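Numbering (the working numbering), first residue to last: 1 to 493.
For each residue, glycine too, the CB sits at the ideal point set by N, CA and C.
Note that this is a predicted model, so its numbers are computed, not measured.
Have a look at the structure below before the remarks.
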Amino acid sequence: MPERLSEPDRRAQTTHVTARIGIRCIRVVCALVLLVGAVGASWAQGPSQGWSEAFREAQEASAKARRARQSSKPATEARLGEDGFGPPALVRVASKTGTARSDSDAATAKTQANAQLEVTAVPPQAWGPPALDPAGNPGFSEFVGPPLVSPLQILDAVILAGTKQQLSWSVGQGLSGGDAVAPVHVAHGDRPGPVLCLAAAIHGDEINGVEIVRRVINDADPSRLSGTLIGVPIVNLFGFARGSRYLPDRRDLNRFFPGSARGSIASRMAYSFFQNVIRHCDALVDFHTGSFDRSNLPQIRADLRLPEVLRFARGIGAMPVLHSNGSRGMLRVAATAAGIPAVTFEVGAPGVLEKQEINQAHEALDALMHHMGMNPEAPDPLEPQPFFYESRWIRADSGGLLLSDVALGDRVVEGQTLGVVVDPIRNVERKVVAPFVGSVIGLAKNQVVLPGFAIFHIGRETSAEAASDAAATSRAEPEMEEDPDPEPRDPEY
Ligand SMILES: [Zn+2]
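This is the structure in structure tokens:
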């Protein structure tokens with residue numbers, strides 16, 4: 001039983017307890033007063049070091065936790081470099097470790113989140129057939145049947161698998177006010193495979209390619225084709241109509257890719273073509289000829305520093321292949337920068353149709369399509385191999401009338417006379433000689449030339465590896481593409 005207290009004792013104890021409570025209350029109040037005073041003083045001086053640090057840390061922790069949550073979303077990817085000329089890079093934003101559950105997890109989120117921005121340079125998309133959908137791939141558990149090819153959406157049209165269609169690409173408004181439209185032929189195979197694009201007459205007077213593209217498209221049977229063939233026989237419709245290399249504003253369309261929506265006539269056309277057609281391609285062949293009364297032996301120009309371009313060029317059959325960096329604004333350079341392996345196919349001279357060269361290029365395209373897995377039949381039981389060349393343009397050192405002694409395809413030895421340049425005023429003849437053993441792979445037709453005019457293109461055979469190495473170490477002479485004159489000269493103007 002509790003001890004009972006007498007009345008005076010109980011009163012004394014109550015007084016004692018009350019006094020102790022009072023003392024405690026006074027202590028608490030004093031502490032509060034001191035604290036408020038200290039805080040007031042510190043605010044008057046600005047937040048002390050400790051406060052601001054804690055505040056900043058809390059903010060950072062919260063921000064990190066927020067970033068961590070965001071980064072735990074599925075990885076997102078974006079290709080860089082598609083509009084520029086640098087190599088495409090894949091930007092991958094990914095969380096490595098998971099989600100921070102609350103802001104209080106921020107301290108661990110610091111290491112946990114690691115929402116790092118990995119910018120990894122990746123080579124442009126490798127050329128080759130696209131990966132099969134698991135539903136159509138017998139190797140996967142999701143397999144439900146043979147691969148189905150989905151319809152192709154291009155230029156506001158939907159092309160069903162196994163069909164061929166002619167579409168129109170609106171080049172821009174013509175002078176008559178209506179839209180000028182160029183034909184775009186699409187053969188969409190009913191078996192999966194790569195999208196191969198063929199473009200010709202970007203220079204309006206280079207017409208061999210127009211016929212080559214027409215023949216390849218006519219041959220394509222979509223019921224037997226694996227993949228898709230897109231052919232644009234006349235890209236520069238304006239130049240083609242006038243028999244001119246250039247656009248109506250005298251610009252060279254092949255210096256404006258990938259173009260811009262608000263640029264010059266050339267730049268807008270290039271942009272429209274690139275966005276509406278070229279973006280659909282997995283690989284591209286752009287047909288050209290020599291320029292300014294020069295003729296080229298059928299040959300491939302490619303940036304052999306890029307493995308996927310080298311691989312693509314190798315598939316093109318028994319053709320000379322030359323390394324060429326290309327210049328800024330060329331379609332093949334812009335396409336390659338966007339991850340689409342591209343080559344230039346030089347065939348003959350401008351302004352003429354050369355049947356033999358056209359046939360040769362047509363066969364090369366058959367070989368290429370077979371090599372890409374698009375055509376079942378090999379064009380030849382022995383698969384023809386390309387020849388790789390290092391090359392150099394020989395220029396006139398004096399002005400006058402050029403008279404050649406050699407023809408395209410001729411083999412020449414060092415010191416051999418290739419032709420003479422006659423000065424008709426002083427009646428002087430000057431010889432032009434071969435600097436090394438090789439083959440004539442390009443030449444100027446007999447014409448009036450000025451000092452510095454490129455007249456003979458001599459190629460020396462090498463291996464793919466040597467050509468690629470030379471390209472990589474820039475030992476090869478900078479190539480001048482189909483136009484060896486830095487300043488274009490138009491005989492029309
Ligand atoms: Zn050209």
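{"Query": "Buried or exposed: which applies to A54, given that a residue is buried once 16 or more other Cβ atoms fall within 10 Å of its Cβ?", "Result": "Residue confidence for A54 is low, a pLDDT of 43 falling below 50, so the modelled location carries little weight and cannot support an answer."}
{"Query": "When the Cα atoms are used, what is the spatial distance from P376 to S295?", "Result": "34 angstroms"}
{"Query": "At a cut-off of 7 angstroms, is S291 close to ligand 1 when judged by its beta-carbon and the heavy atoms of the ligand?", "Result": "yes"}
{"Query": "If you compare alpha carbons, which of G339, T462, F143 and I230 is closest to W169?", "Result": "I230"}
{"Query": "Please tell me whether G409 and V440 are closer than 8 angstroms, where the distance is taken between their beta carbons.", "Result": "yes"}
{"Query": "Using 10 angstroms around the beta-carbon of V158, count the other beta-carbons present and answer buried if the total reaches 16, otherwise exposed.", "Result": "exposed"}
{"Query": "Any heavy atom of ligand 1 closer than 7 angstroms to the beta-carbon of E390?", "Result": "no"}
{"Query": "Assess, as a yes-or-no matter, whether the region 235-242 is touched by the region 384-400 under the definition of 3 or more beta carbon pairs within less than 8 angstroms.", "Result": "no"}
{"Query": "Just to confirm my understanding: we take P248, look at its own chain, exclude 5 residues before and 5 after, and list those with CB closer than 6 angstroms. What are they?", "Result": "F238"}
{"Query": "How should Q356 be labelled, buried or exposed, when 16 other C-beta atoms within 10 angstroms of its C-beta is the threshold for buried?", "Result": "exposed"}
{"Query": "In the structure shown, what three-state DSSP assignment does R311 receive?", "Result": "helix"}
{"Query": "What's the gap between the Cα of V213 and the Cα of A470?", "Result": "32 angstroms"}
{"Query": "Could you say if the region 277-286 and the region 196-203 meet the contact criterion of at least three C-beta pairs nearer than 8 angstroms?", "Result": "yes"}
{"Query": "For A334, I'd like the list of residues in its chain whose CB is within less than 7 angstroms of its CB, leaving aside the five on either flank, ordered along the chain.", "Result": "F257, P258 and F274"}
{"Query": "What I want to know is whether the C-beta of E206 ends up closer than 7 angstroms to one or more non-hydrogen atoms of ligand 1.", "Result": "yes"}
{"Query": "How close, in whole Å, do the beta carbons of T289 and E211 come, if the pair is a contact with beta carbons under 8 angstroms?", "Result": "T289 to E211, Cβ: 12 angstroms. No contact."}
{"Query": "Measuring CB to CB, does G399 end up less than 8 angstroms from V432?", "Result": "no"}
{"Query": "Looking only at its own chain, which residues have a Cβ that is under 8 angstroms from the Cβ of M374, when we skip the five neighbours before and after it?", "Result": "G189, G193, P194, L196, L225, S226, G227 and L229"}
{"Query": "Considering Y389, what are the terminal residues of the beta strand (DSSP E) in which it resides?", "Result": "F387 to R395"}
{"Query": "Have a look at E142 and P183 and give me their C-alpha separation to the nearest angstrom.", "Result": "40 angstroms"}
{"Query": "Would you say N254 touches ligand 1, meaning its beta carbon is less than 7 angstroms from a heavy atom?", "Result": "yes"}
{"Query": "Taking the alpha helix (DSSP H) that G239 falls in, what are its first and last residues?", "Result": "L237 to R242"}
{"Query": "Leaving out five residues before and five after G162 in sequence, what residues of the same chain have Cβ atoms less than 6 angstroms from its Cβ?", "Result": "D190, P222 and S223"}
{"Query": "In its own chain, which residues sit with a C-beta less than 7 angstroms from the C-beta of S463, not counting the 5 before and 5 after it?", "Result": "F388"}
{"Query": "With DSSP run on the structure shown, which of helix, strand or coil describes G209?", "Result": "helix"}
{"Query": "Given I154, which residues of its chain have a CB within under 6 angstroms of its CB, disregarding the five upstream and five downstream residues?", "Result": "H280"}
{"Query": "Using only the alpha-carbon positions, how far apart do S104 and G326 sit?", "Result": "With a pLDDT of 46 at S104, under the threshold of 50, the modelled position of that residue is not reliable, and the figure given next carries that caveat. Approximately 56 angstroms, taken between the alpha carbons."}
{"Query": "Say the cut is 7 angstroms; is the CB of I441 nearer than that to a heavy atom of ligand 1?", "Result": "no"}
{"Query": "Looking at the strands, I want to know which residues DSSP matches up with P183.", "Result": "S168"}
{"Query": "What span of residues does the alpha helix (DSSP H) with K355 cover, start to end?", "Result": "K355 to H371"}
{"Query": "Identify, in the order they occur along the chain, each residue of the same chain with its Cβ nearer than 8 angstroms to the Cβ of D179, setting aside the five sequence neighbours on each side.", "Result": "S170, V171, G172 and Q173"}
{"Query": "Should the region 359-372 be called in touch with the region 304-318, which here means at least 3 C-beta pairs below 8 angstroms?", "Result": "yes"}
{"Query": "DSSP state of T336, grouped into three classes?", "Result": "helix"}
{"Query": "Quick one: what does DSSP say Q511 is sitting in, helix, strand or coil?", "Result": "In this structure the chain extends from 1 to 493, so residue 511 is not present and cannot be described."}
{"Query": "Assuming D469 is part of the alpha helix (DSSP H), what are its boundary residues?", "Result": "A464 to A472"}
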